[in-house]
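A.B. asks: Okay, handing you the structure first.
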Amino acid sequence: MSIDIDTARRVAKLARIRVEEDALPALASEFNAVLGFIEQLSEVDVEGVEPMTSVTPQRLKRRKDGVTDGNMQEKILKNAPDAREGFFAVPKVVE
Amino acid sequence: MSDLNKLTLSAARDGLRAKDFTSSDLTEACLTEIEGAGALNAFVHNTPEIAREQAKAADARLAEGDAPAMCGLPIGIKDLFATKGVPTQAASAILEGFRPEYESTITSKLFDAGAVMLGKLNMDEFAMGSSNETSTYGNAVSPWRRGNEDTPLTPGGSSGGSASAVSADLCLAATGTDTGGSIRQPAAFTGIVGIKPTYGRCSRWGVVAFASSLDQAGPMTKSVRDAAIMLEAMCGHDMKDSTSADLPVPNFEALLTGDIRGKKIGIPKEYRLDGTPDEIVKLWDDGAAMLKDAGAEIVDISLPHTKYALPTYYVIAPAEASSNLARYDGVRYGHRATLAAGEGINDMYEKTRAEGFGHEVQRRVMVGTYVLSAGYYDAYYNKARKVRTLIKKDFEDAFAAGVDAILTPATPSPAFGLGEVSDSDPIQMYLNDVFTVTVNLAGLPGISVPTGVSATGLPLGLQLIGKPWEEGDLLNIAHSLEGAAGFVSKPEKWW
């Protein structure tokens, strides 16, 4: 498996990280180094093996489905780069 | 009273209870040391006002006579822990200016126990790194040096600031976190003790997430006894972390009997890697001999899937990171890129994340995105989760055969110079975690204990791996090893 420049561009897009065109070849080559390393996993026979979902098997705790917290709008907005009238503000999304 | 900053937690606790000095004395001694240690770049946000206030409160509690073990003891907090009103950046530019409105469960527990926070400690960005070279604050520097050289050395990573600060006696102990070795490797590089408890022992609530199925917090201390004391204060069930274990927390210190007669210690043959330096092999053999002298039985064991642990980790950790780090979008907290006219919300996301994340973080987020993307999910991510099952089973088989703990080197080499491992070859850096990463994948407790020095005069550590939830037994074996090794070296002060 080898990553080309188009794939690198697509992955950057999916990850929502801006990568300039001239940086894509180096990025693709770094991906290939990491993926080449990961490729060793193909040697392992995993026939009939369950994929791990929880490393320390335990029943998840249940609690009553009720409100336990809230009423902290100000605190939640405190660190926002842009907050207006009690909301997070973002650039226009819908035309 | 001088040199109070050099005390262990246990000695300081005993001194406080005996009224030999106060928490304010201890705290001032540490604050003075921190002032003079800018060259180490270990503390990145100092909190002297909070420290002095907490020390005063601790002294009042101590005067009343009923103070817990951690009461009045000054410590450093890794920048990954959310601390209310105090900058918490995970060493990333993307969280610049972020001051949490809440306190992590672990820091809450430590503060409730009376611990004093001196400040926040340097680390690799989002805990991704093994040398503390990916931090937005710049490199943390080890107090240790190779012989007479003045090459700045790495304190290891990702908890590099914690390791540097404890080793240089800027604080009595520090919190760390460990996703693939980030407590144990820096502890080994700087001659201190670091324990990663069983997954689920310490609440992850309020700890900036890297790879949630692997992340665990733990103490970094000057002795095994200190690790026992501080770990007890950090552990415990938390409803706010669904993976937190609802199990009683033992008095770990009381379990340090030093008696390890009859314990079966496994030596895994797969950890004898080609190219391991002779001094590491000798350190390991010496450690096994020490445990044998103390009455333990040494047995050869096999952990056949060891070789696949690092590749498995470099699928699972980036996959989880790409998901966890999706929250840094410039909307709710931290950095937001300035937009040009006509740019929309996708430009905002992409520019914010390009500006805010460093190179290694970007690389891992994108690798994670790739292995989770349509068409590759089964080939990479599901495959890695299956191999992870096999890695865990290797350990289960060893324990089922009667092994109580496993002894391995903590790192494949002593600390290297900053800049000596190239950024363009990520695999070479990843190999630092070859002995530690299996433990995270299997969710087990692991502890690094300093047991020797390299030919160049740098500390070397051994790792002990224990059974799930058996930190008490593990600490006791580590205590015995520590006593037999008698590691007492300290870095000579140059900073």
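Protein sequence lines, in the order shown, are assigned to chains A and B. The numbering of the first sequence is my numbering, which starts it at 1 and goes up by one. The numbering of the second sequence is my numbering, which starts it at 1001 and goes up by one. For every residue, glycine included, the Cβ atom is placed at its ideal position computed from N, Cα and C. In this text, all values refer to a predicted model and were calculated from it rather than measured experimentally.
Who are the neighbours of B:Thr1411 on chain A, taking C-beta pairs under 9 Å?
C.D. replies: Locating residue 1411 of chain B in the second sequence gives position 411, counting from the first residue. Within chain A, no residue comes near B:Thr1411; the closest Cβ sits about 19 Å away, beyond 9 Å.
A.B. asks: Using a Cβ-Cβ cut-off of 8 Å (strictly less than) and excluding sequence neighbours within five positions of A:Glu20, which residues of its own chain qualify?
C.D. replies: As a working note, residue 20 of chain A is residue 20 in the first sequence. Excluding five sequence positions before and after A:Glu20, none of the CB atoms of its chain fall closer than 8 Å to its own CB.
A.B. asks: Rank B:Gly1157, B:Gly1161, B:Ala1174 by C-alpha distance to the C-alpha of B:Gln1185 and give the top, closest one.
C.D. replies: In the second sequence, residue 1185 of chain B corresponds to position 185, counting from 1. For the residues B:Gly1157, B:Gly1161, B:Ala1174, the minimum Cα distance to B:Gln1185 belongs to B:Gly1157.
A.B. asks: Is B:Phe1098 close to chain A, meaning its C-beta is less than 9 Å from at least one C-beta of that chain?
C.D. replies: The sequence position of residue 1098 of chain B within the second sequence is 98, counting from 1. Judged by the 9 Å Cβ criterion, B:Phe1098 is in contact with chain A.
A.B. asks: For B:Thr1154 versus B:Asn1132, is the C-beta distance shorter than 9 Å?
C.D. replies: Working through the second sequence from its first residue, we reach residue 1154 of chain B at position 154. Working through the second sequence from its first residue, we reach residue 1132 of chain B at position 132. The answer is yes: Cβ separation under 9 Å.
A.B. asks: Between B:Val1449 and B:Leu1431, which are expected to be in contact by the criterion C-beta below 8 Å, what is the C-beta distance as a whole number of angstroms?
C.D. replies: Walking along the second sequence from the start, residue 1449 of chain B turns up at place 449. Walking along the second sequence from the start, residue 1431 of chain B turns up at place 431. Not quite, the Cβ-Cβ distance comes to about 22 Å (not below 8 Å), so this is no contact.
A.B. asks: Considering only C-alpha positions, which residue in the set B:Ala1069, B:Pro1219, B:Ala1374, B:Ala1337 is nearest to B:Gly1446?
C.D. replies: Mapped onto the second sequence, residue 1446 of chain B falls at position 446. It is B:Pro1219.
A.B. asks: Give the straight-line distance between the Cα atoms of B:Leu1474 and B:Asp1347, rounded to the nearest whole angstrom.
C.D. replies: Within the second sequence, the letter at position 474 stands for residue 1474 of chain B. Within the second sequence, the letter at position 347 stands for residue 1347 of chain B. C-alpha separation (whole angstroms): 51 Å.
A.B. asks: Starting from A:Met52 and walking both ways along the beta strand (DSSP E), at which residues does that stretch end?
C.D. replies: As a position in the first sequence, residue 52 of chain A is number 52, starting the count at 1. Here A:Met52 belongs to no beta strand (DSSP E), and DSSP marks it neither H nor E.
A.B. asks: With a floor of 4 residues, list each alpha helix (DSSP H) that falls wholly inside the region 1211–1293 of chain B, ordered by position along the chain.
C.D. replies: 1224–1234, 1278–1293
A.B. asks: Residues of chain B with a CB under 8 Å from the CB of A:Ile17: which are they?
C.D. replies: Along the first sequence, one-based indexing puts residue 17 of chain A at 17. The answer, in chain order, is Glu1350, Arg1353, Ala1354, Phe1357, Gln1362, Val1365, Met1366.
A.B. asks: The beta strand (DSSP E) spanning B:His1479 covers which residue range?
C.D. replies: Looking up residue 1479 of chain B in the second sequence gives position 479. Segment 1471–1485 is the alpha helix (DSSP H) holding B:His1479; no beta strand (DSSP E) there.
A.B. asks: Let me know the alpha helix (DSSP H) ranges lying completely inside the region 1312–1390 of chain B, each 4 residues or longer, listed in chain order.
C.D. replies: 1345–1356, 1359–1372
A.B. asks: Who are the neighbours of B:Thr1200 on chain A, taking C-beta pairs under 9 Å?
C.D. replies: Looking up residue 1200 of chain B in the second sequence gives position 200. Inspection of the sequence shows that residue 1200 of chain B is occupied by Gly rather than by Thr. The contacting residues are Val55, Thr56, Gln58.
A.B. asks: Within the 9 Å Cβ cut-off, does B:His1045 reach chain A?
C.D. replies: Taking the second sequence and counting its residues from 1, the one referred to as residue 1045 of chain B is at position 45. No, because no Cβ of chain A sits closer than 9 Å to the Cβ of B:His1045.
A.B. asks: Considering only residues of the same chain and omitting the five flanking positions on each side of A:Thr98, which have a CB-CB separation below 7 Å?
C.D. replies: This structure does not reach residue 98 of chain A, given that chain A is present from 1 up to 95, and the question cannot be answered.
A.B. asks: In chain A, which residues lie less than 8 Å from B:Glu1320 when you measure between Cβ atoms?
C.D. replies: Position 320 of the second sequence, counting from 1, holds the residue named residue 1320 of chain B. Those within 8 Å of B:Glu1320 in chain A number zero; the least Cβ separation is about 12 Å.
A.B. asks: Counting C-beta neighbours from all protein chains within 10 Å, is the total for B:Gly1483 16 or more, i.e. buried, or is it exposed?
C.D. replies: In the second sequence, counting from the first residue as 1, residue 1483 of chain B sits at position 483. Classification for B:Gly1483: exposed.
A.B. asks: DSSP three-state call for A:Glu30: helix, strand or coil?
C.D. replies: Translated into the one-based positions of the first sequence, residue 30 of chain A becomes position 30. A:Glu30 falls in the helix class under three-state DSSP.
A.B. asks: Tell me which same chain residues have a C-beta within less than 6 Å of the C-beta of B:Gly1330, skipping the five on either side of it?
C.D. replies: Residue mapping note: residue 1330 of chain B aligns to position 330 of the second sequence, counting from 1. Around B:Gly1330: Arg1336, Met1348, Thr1352.
A.B. asks: For B:Leu1310, which residues in the same chain have their Cβ closer than 8 Å to its Cβ, ignoring the five residues on either side in sequence?
C.D. replies: Start at 1 with the first residue of the second sequence, and residue 1310 of chain B comes out as number 310. The beta carbon of B:Leu1310 is closer than 8 Å to those of Tyr1430, Leu1431, Asp1433, Val1434, Val1437 in its chain, skipping five residues each way along the sequence.
A.B. asks: Our contact map puts B:Phe1081 next to B:Val1361 with C-beta atoms below 8 Å; I'd like the distance itself, whole angstroms only.
C.D. replies: Position 81 of the second sequence, counted from the start, is the residue given in the question as residue 1081 of chain B. Position 361 of the second sequence, counted from the start, is the residue given in the question as residue 1361 of chain B. Wrong, their Cβ atoms sit about 18 Å apart, outside the cutoff.
A.B. asks: Between the Cα of A:Arg18 and the Cα atoms of B:Gly1358, B:Leu1418, B:Ile1075, which residue gives the shortest distance?
C.D. replies: On the first sequence, residue 18 of chain A is found 18 positions in, with the first residue counted as 1. Nearest C-alpha to A:Arg18: B:Gly1358.
A.B. asks: Among residues of its own chain, excluding the 5 on either side of B:Asn1476, which ones have a beta-carbon nearer than 8 Å to its beta-carbon?
C.D. replies: Position 476 of the second sequence, counted from the first residue, corresponds to residue 1476 of chain B. So the qualifying residues of the chain are Leu1255, Leu1256, Thr1257, Gly1258, Asp1259, Ile1260.
A.B. asks: Measure the C-alpha to C-alpha separation of B:Val1166 and B:Ala1174 and round it to an integer number of angstroms.
C.D. replies: Position 166 of the second sequence, counted from the start, is the residue given in the question as residue 1166 of chain B. Position 174 of the second sequence, counted from the start, is the residue given in the question as residue 1174 of chain B. In a straight line, the C-alpha of B:Val1166 is about 7 Å away from that of B:Ala1174.
A.B. asks: Shortest alpha-carbon distance to B:Thr1369 belongs to which of B:Glu1396, B:Ser1323, B:Leu1460?
C.D. replies: On the second sequence, residue 1369 of chain B is found 369 positions in, with the first residue counted as 1. Looking at the Cα atoms, B:Ser1323 is the closest of the given residues.
A.B. asks: Examine chain B for any beta-carbon lying closer than 9 Å to the beta-carbon of A:Leu14, and answer yes or no.
C.D. replies: As a first step, residue 14 of chain A is located in the first sequence; it is residue number 14 there, counting from the start. Interface residue, yes.
A.B. asks: Measuring only the C-alpha atoms, how far is B:Ser1422 from B:Thr1221?
C.D. replies: Within the second sequence, the letter at position 422 stands for residue 1422 of chain B. Within the second sequence, the letter at position 221 stands for residue 1221 of chain B. Going by C-alpha positions, B:Ser1422 is about 30 Å away from B:Thr1221.
A.B. asks: On the DSSP letters alone, give me the boundaries of the alpha helix (DSSP H) that B:Ser1010 sits inside.
C.D. replies: Translated into positions along the second sequence, residue 1010 of chain B becomes position 10. From DSSP, the alpha helix (DSSP H) with B:Ser1010 extends over 1009–1017.
A.B. asks: Can you check whether the CB of B:Ile1316 is closer than 9 Å to the CB of B:Ser1213?
C.D. replies: As a position in the second sequence, residue 1213 of chain B is number 213, starting the count at 1. As a position in the second sequence, residue 1316 of chain B is number 316, starting the count at 1. Against a cut-off of 9 Å, the Cβ pair of B:Ile1316 and B:Ser1213 comes out as a contact.
A.B. asks: I need the straight-line Cα distance from B:Ser1413 to B:Thr1276, nearest angstrom please.
C.D. replies: On the second sequence, position 413 is the one that residue 1413 of chain B refers to. On the second sequence, position 276 is the one that residue 1276 of chain B refers to. So the two alpha carbons sit approximately 8 Å from each other.
A.B. asks: Listing by chain order, which chain A residues have their CB less than 8 Å from the CB of B:Gly1330?
C.D. replies: Working through the second sequence from its first residue, we reach residue 1330 of chain B at position 330. Within 8 Å Cβ-Cβ: Pro81.
A.B. asks: Quick one: is A:Met72 buried, meaning 16 or more other Cβ sit within 10 Å of its Cβ, or exposed?
C.D. replies: Sequence index remark: in the first sequence, residue 72 of chain A carries index 72 (1-based). It is exposed - the Cβ of A:Met72 has fewer than 16 other Cβ atoms within 10 Å.
A.B. asks: According to the Cβ coordinates, are B:Thr1243 and B:Leu1441 closer than 9 Å?
C.D. replies: Taking the first residue of the second sequence as 1, we reach residue 1243 of chain B at position 243. Taking the first residue of the second sequence as 1, we reach residue 1441 of chain B at position 441. Cβ atoms of B:Thr1243 and B:Leu1441: not closer than 9 Å.
A.B. asks: Are the region 1089–1109 of chain B and the region 1056–1064 of chain B touching, with three or more C-beta to C-beta distances below 8 Å?
C.D. replies: no
A.B. asks: Cutting at 8 Å between CB atoms, please list the residues of its own chain near A:Ala28, excluding the five before and the five after it.
C.D. replies: As a first step, residue 28 of chain A is located in the first sequence; it is residue number 28 there, counting from the start. Listed in chain order, the non-local C-beta contacts of A:Ala28 below 8 Å within the same chain comprise Ile3, Asp4, Ile5, Thr7, Ala8, local neighbours out to five positions each way being set aside.
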